Structure formats: structure tokens, C-alpha cells
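Read the structure below first, then the notes.
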Amino acid sequence: MTYVFYAVILLLVLMLIKESINKLHGLIAVIFFFILLHFLLSMMIIPFIEQLLSYVHSVPYVPQLVYSALFYQLGSLFHKIFEEEEYEAIGEMVMIAIRIVLLAYWTAEVAKVLSNFSSILQKLQ
Numbered sequence: 001m002t003y004v005f006y007a008v009i010l011l012l013v014l015m016l017i018k019e020s021i022n023k024l025h026g027l028i029a030v031i032f033f034f035i036l037l038h039f040l041l042s043m044m045i046i047p048f049i050e051q052l053l054s055y056v057h058s059v060p061y062v063p064q065l066v067y068s069a070l071f072y073q074l075g076s077l078f079h080k081i082f083e084e085e086e087y088e089a090i091g092e093m094v095m096i097a098i099r100i101v102l103l104a105y106w107t108a109e110v111a112k113v114l115s116n117f118s119s120i121l122q123k124l125q
């Protein structure tokens, strides 16, 4: 409930800035975005992920899936912030870069599994 209260205060401050200092609104909104993102990541999201991973530490690929999802969501947030500031092309490049990084990572992981699977099949022949 405290975080909702902080979000409402942040919204009111941003609305006040937009009405009084419209030229600086975009810059201040981006600054507040990164402050709020850091706060949420350090206080809520990272501890939640660590707690979640402590429950499922023996299940293969769960940490990689969770961190991949977090990385993709962060990329999506950056994409939206670039779109709001009318830099759609840069936002799209961010998403393409994130997709390539995730694809490269998971391709390497799948290659390891397929290599192990291939060696097991060769031993069976």
C-alpha cells in the first residue's frame, strides 16, 4: 500500500510540473522513471526473484527463464519510455538488441542440451 501512495504522490508531482514547467516535464519524467525503476528493482523485484529462485533452485533452467523474462520486461519499459519521448526508432533498436541477446543466450543453452542428447543417442547405437 505504501508503494501505491508513493506512486500517487509521484503522479501528482509530475502533473504539477507538467502544468507549471512544461518544457522540463519530459526530462523530469525520465529522471523520475529511473528513480522509481531503481527503487522497485532494489526493494521489490530483485528480493522477490531471489525468494522465488530459492524455492525452485533444483528445477533446471528456471533461473535463466526468470532473468530472461526480467530482462525482456526491462527492455519493454525502455522501449515505451523512448516511444513516449518520440524516439520510436531508438526504442525499437533497444527491443531488437534485447531479442538478439536473449536469442543468442538461449541458442547456446539449447546447443548444449542438444549436444548432450546427441552424445547419449550415439552411445545407445
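Going by the working numbering, 55 is the number at position 55 of the sequence shown; the sequence numbering is gapless. Note that the Cβ used here is the ideal one computed from N, Cα and C, for glycine as well. Here the structure is a predicted model, which means the values were calculated and not measured.
(request) Quick one: which unbroken alpha helix (DSSP H) runs of 4-plus residues sit fully inside the region 23–48? Chain order, please. (result) 25–40
(request) Measure the alpha-carbon distance for Leu24 versus Val101 and round it to whole angstroms. (result) 34 Å
(message) Between the region 14–23 and the region 78–86, can you find at least three pairs of beta-carbon atoms closer than 8 Å?
(response) no
(request) Specify the secondary structure class of Ser58 as computed by DSSP and reduced to three states. (result) coil
(request) Could you tell me whether the region 90–100 touches the region 45–63, where touching means 3 or more Cβ pairs closer than 8 Å? (result) no
(request) Ignoring anything shorter than 3 residues or poking outside the region 66–91, list the beta strand (DSSP E) runs there in chain order. (result) none
(message) Among Tyr87, His38, Trp106 and Leu11, whose alpha-carbon lies nearest the alpha-carbon of Leu74?
(response) His38
(request) Check Gln125 in the structure and name its three-state DSSP category. (result) coil
(request) Give me the Cα-Cα distance between Ala97 and Lys18, rounded to the nearest whole angstrom. (result) 32 Å
(request) Note down the Cα distance separating Ser119 from Phe48, rounded to an integer number of angstroms. (result) 38 Å
(request) Find the nearest neighbour of Val30 within the set Glu109, Leu77 and Lys123, judged by alpha-carbon distance. (result) Leu77
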